[in-house]
Amino acid sequence: MNRRKFIALGATIIGFDARDMASAVKPVGAPGSGKDDQQSEFAGLPLEEYEPKSMLHLPNRLVSRCSFPLIDFHTHITEGDPNGAPGAVRLQISPETCLAVMDRKNIKTMVDLTGGYGEGVRVAIHKLQDAHPGRFIVFTEPAWDKASDPGYSRLQAELIESAHRSGAKGLKVLKTLGLFLREKGTHKLIAIDDPRFDEMWEAAGALNMPVAIHSSDPEAFFLPIDRFNERWEELHAHPDWSFYGRDFPSNLDIQEARRRVMRRHPRTQFVCLHVANAENLKYVSECLDEHPNMHVDIAARIAELGRQPHTARKFFDRYRDRIVFGTDASSDANTPQQLFGDELYEIYFRFLESEDEYFEYTPASKPAQGRWCIYGIGLPELILRKLYWENAARLIGLPADPGTAA
Ligand SMILES: [Zn+2]
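Take 0 as the starting number for the sequence shown in numbering that gives the first Met the number 0 and just add one per residue.
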């Protein structure tokens, strides 16, 4: 379906009474979609221009600083440098810009996950971690470009050992693994639990480097982009984010492959990013119960947690020692829901610390991930302290008391 047809479909949905949705979704021009069926004053309003404002009269608690010092475990201050050597990174947000926001928001430390590898990670550590002790932590990444080479397993383990000697505190694995990384020559997707990575997981565990691993994506990205897809607008804007069809594994296949890795490497600590599988906290709970070496972060998923506030509140209560705070903050315009800045953090703090109802989950002008709002879960001090600091500090080797950290 082309873009014009998508927009026509959206306009048709808005033009019809919701009770008559079955006929409303017929594209303009299809049998039964004649002019008489439409409410004329709404005809032609494209879905992408529809921005309903809530009429609820509710309090808006501005939490401009978090109540306790914070580690943002999931940010992208650096990114891969397409013009550099393999493993090279470049700053996408300046340390000075970060520090100004951090000081205003009570963020003590930011973890830059995408630090690259080889000389790249050494540069990232020099510019961030060494230049501003205690304020930035840098993780290294696997050398995916070498994954099909003979001797890769050992080389990868050595790269991690060398990054650790340079000061890297953890290993970041992007969703590349499981969805994009393919064998040279055959182009076959390489599975997360492929044995060639066993030495990598073991090296990280032996060096007490937590593995921050993003696997799979929202469930809707694995479904047809049709009128039932709750991420329709997002997928419409980014069709390349869809993993429906072709040779992609299912979301569950990917989750289970990661689970086998956690089972096989019990002394390695895994932080499954984006709540592992934020739409299905029952499944995530089963995984956390089975794997003591599993943790989760909440980055870029308050849109999911905040629309299931009762379930989420119980989840935070039960797994209070296994959840770390993260935002996925970056300066990437493709993900406006996680644009680094004061407003992003204020929304996270409002969700976690207030019991405000029905508010926007993103600083973006339009809901980026779907047309819904979220509810605050008002976590108590004990859980906030663990979520904001203690759990992440334990994983990356910072003092348990933020007051004594550098
Ligand atoms: Zn991220």
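Glycine included, every Cβ here is placed at the ideal spot set by N, Cα and C.
Quick caveat, the model's predicted, so the values are computed rather than measured.
Asked, Found
"Quick check on E54: buried or exposed, where buried means 16 or more other Cβ atoms within 10 Å of its Cβ?", "A small fix is needed here, since residue 54 is Met in this sequence, not Glu. By the 10 Å Cβ count, M54 comes out exposed."
"Starting from M199 and walking both ways along the alpha helix (DSSP H), at which residues does that stretch end?", "197-205"
"G117 to L158, Cα distance in whole Å?", "7 Å"
"Using a Cβ-Cβ cutoff of less than 6 Å, which residues in the same chain neighbour L386 once the five nearest sequence positions on both sides are dropped?", "I322, F324"
"Should E389 be labelled buried (16 or more other beta-carbon atoms within 10 Å of its own) or exposed?", "buried"
"Just to confirm the assignment, what range does the alpha helix (DSSP H) spanning C271 have?", "Note, C271: premise wrong, no alpha helix (DSSP H); beta strand (DSSP E) at 269-271."
"Using DSSP with H/G/I as helix, E/B as strand and the rest coil, what is G396?", "coil"
"Could you check if K34 is buried or exposed, using at least 16 other CB atoms within 10 Å of its CB as the buried criterion?", "The predicted model places K34 with a pLDDT of 48, which falls under 50 and marks its position as unreliable; any figure quoted below should be read in that light. Under this definition K34 is an exposed residue."
"Assuming contact is defined by CB atoms lying nearer than 9 Å, are G114 and T77 in contact in what I supplied?", "yes"
"Closest to L416 by C-alpha separation, out of G204, L61, D193, P398, would be which residue?", "No statement about residue 416 is possible, as the shown extent of the chain runs from 0 to 405 and does not include it."
"Give the DSSP-derived three-state secondary structure of V100 in the structure shown.", "helix"
"Excluding the 5 residues preceding and the 5 following E153 in the sequence, name in chain order all residues of the same chain whose CB lies nearer than 8 Å to its CB.", "Rather than Glu, the amino acid found at residue 153 in this sequence is Arg. Answer for R153: E198, listed in chain order."
"Please report the straight-line C-alpha distance between P81 and R89, rounded to a whole angstrom.", "9 Å"
"Return the first residue and the last residue of the alpha helix (DSSP H) that R121 is part of.", "118-123"
"Using DSSP with H/G/I as helix, E/B as strand and the rest coil, what is V62?", "coil"
"Roughly how many whole angstroms lie between the Cα atoms of L222 and N250?", "10 Å"
"How long is the line joining the alpha carbons of W240 and E48, rounded to whole angstroms?", "22 Å"
"Once you ignore the five residues that flank P401 on each side, which residues in its own chain have a CB closer than 6 Å to its CB?", "P68, K107, W388"
"Spell out the partners DSSP gives T74 in its beta bridges.", "D111, A328"
"What's the C-alpha gap between E218 and H131?", "39 Å"
"Can you give me the C-alpha to C-alpha distance between A404 and G133, rounded to a whole angstrom?", "7 Å"
"Is the beta carbon of R300 sitting closer than 9 Å to the one on A277?", "yes"
"Considering Cα atoms alone, identify which of P362, N279, Y318 is closest to N292.", "Y318"
"Considering only C-alpha positions, which residue in the set D129, S66, A162, I136 is nearest to N105?", "S66"
"With a threshold of 8 Å (Cβ to nearest heavy atom), would H75 be considered close to ligand 1?", "yes"
"Under 8 Å from any heavy atom of ligand 1, does the C-beta of A302 make it?", "no"
"Could you tell me the alpha carbon to alpha carbon distance between H309 and F339, rounded to whole angstroms?", "28 Å"
"Tell me the DSSP secondary structure of F138 in three-state form.", "strand"
"Just checking, does the segment 283-297 make contact with the segment 255-272 on the three C-beta pairs under 8 Å criterion?", "yes"
"For my contact list, F314 and L351 are in at a C-beta cut-off of 8 Å; report their separation, rounded to the angstrom.", "F314 to L351, Cβ: 13 Å. No contact."
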